[in-house]
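Take the sequence shown: its letters are residues 162 to 254, numbered as in the numbering used here.
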Amino acid sequence: MAWSNIGLCANSPNSFSELPSPENFSFDKFNNISLKLELVINQRATGHITEVERIGEQYFLQRQDLIAVGVTAKSLPGTEDRIDVSSIPGVNV
């Protein structure tokens, strides 16, 4: 499976009142956050919602979640259960 595009689609239970106003928005507020997101591979929704941990500019997923949507284990870097997908060449987060 090609790694040309992996995207994450937010499925947030937050209401609009909890979101920062545009003039007060800052990514600093979201540096260390755990999100429930849908995996999108090659611009196709997978329907697979997974926990994604954002730490600074890095996004971490469980290896098994990627394998569950058809990414081959041999195409994934390393052997760790938790993968920084933002460090994989060709992946857009």
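Cβ atoms here follow ideal geometry from the backbone N, Cα and C, with glycine treated the same way.
DSSP-derived helix/strand/coil call for residue i
i, result
"Gln219", "strand"
"Ser195", "strand"
"Val246", "helix"
Cβ pair residue i, residue j closer than 8 Å
i, j, result
"Pro238", "Ile244", "yes"
"Asp226", "Leu200", "yes"
"Ile202", "Val230", "yes"
Classification of residue i by the beta-carbon crowding that lies within 10 angstroms, buried from 16 upward
i, result
"Thr207", "buried"
Span of the alpha helix (DSSP H), counted from its first residue to its last, around residue i
i, result
"Ile228", "224–229"
> With a cut-off of 8 Å, do at least 3 Cβ pairs link the segment 219–227 to the segment 247–254?
Replying inline: yes
> Are at least three pairs of beta-carbons, each pair with one atom in the segment 205–215 and one in the segment 188–196, less than 8 Å apart?
Replying inline: yes
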